[in-house]
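Q:
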Amino acid sequence: MRNQTRIKIEKRDSVFSAAHFLADMGKCERMHGHNYFVSVEVEGAPDQRGAVIDFNQLDSIVSQVCQPLDHMILIAQKSPTAQVATSGDEVEVKFKNKRYLLPKEDCLLLPLESTTVESLAGYLLDRILEKLGDVGGRLYCMEVGVGEGGSKMAFHQKQIG
């Protein structure tokens, strides 16, 4: 049986604020925004000091991966129902009878099918793992939660080792 410990970081203050729309999701098709918050939970083998990972390092990495999303319009590049095109300094998004023409500098094109909190949790988890690099070697599992206010939150979990 392996020895494992779990730690959790919850950033309840607004970690990033962003606008988005969800094609084919009723009232969420309208562009709207959220003050998102993030939690990260990791399980792993403690090192000789008894630590799974340095809290400050993990906290810093979470801030680093969230920062590019802050005050941006989040656009799912791989949406099966919306057409996304860039031209010069503009991004055009079309779905149903809607057409958005947005300044490219205000948009973050994400390699996702949707910008739901479920999808954002998976996206952030992958970015955190990339930034952790070798430091993540003692980790067995990571779970990232993304909330959009109140008690609404979605989680994405990945077994690492």
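Numbering-wise (my numbering), the sequence shown opens with residue 1 and increments by one. Glycine included, every Cβ here is placed at the ideal spot set by N, Cα and C.
1. Would you mind sorting residue 71 into buried or exposed? The rule is 16 or more other CB atoms within 10 Å of its CB.
2. Going by DSSP, name the residue or residues bridged to residue 72.
3. Can you look up residue 154 in the DSSP assignment and give me helix, strand or coil?
4. Within a Cβ cutoff of 7 Å, which residues of the same chain sit near residue 148, ignoring the five residues on either side of it in sequence?
5. Threshold first: 4 residues or longer. Then list the alpha helix (DSSP H) segments lying entirely within the stretch 47-72, N to C.
6. Applying the 10 Å Cβ sphere with the 16-neighbour rule, what's the burial state of residue 20?
7. Among 65, 119, 4, whose alpha-carbon lies nearest the alpha-carbon of residue 130?
8. Where does residue 121 sit, in a helix, a strand or coil, going by DSSP?
9. Quick test of your reading: residue 28 and residue 75, contact by CB under 8 Å. State the CB separation rounded to the nearest angstrom.
10. Span of the beta strand (DSSP E) holding residue 94?
11. Can you list, in chain order, the residues of its chain with a C-beta nearer than 6 Å to that of residue 94? Leave out the 5 residues immediately preceding and following it.
12. If residue 110 sits next to residue 123, beta carbons under 8 Å apart, how far is it from one beta carbon to the other, in whole angstroms?
13. Can you check whether the CB of residue 11 is closer than 9 Å to the CB of residue 54?
14. Given residue 46, which residues of its chain have a CB within under 6 Å of its CB, disregarding the five upstream and five downstream residues?
A: Concretely, from the data shown:
1. Here residue 71 is exposed: its Cβ has fewer than 16 other Cβ atoms, across all protein chains shown, within 10 Å.
2. 18
3. strand
4. 34, 36, 117
5. 55-66
6. By the 10 Å Cβ count, residue 20 comes out buried.
7. By alpha-carbon distance to residue 130, the top candidate from 65, 119, 4 is 65.
8. helix
9. Between residue 75 and residue 28 the Cβ distance is about 14 Å, and since that is not below 8 Å, they are no contact.
10. 90-95
11. Result list for residue 94: 83, in chain order.
12. 6 Å
13. no
14. 5, 52
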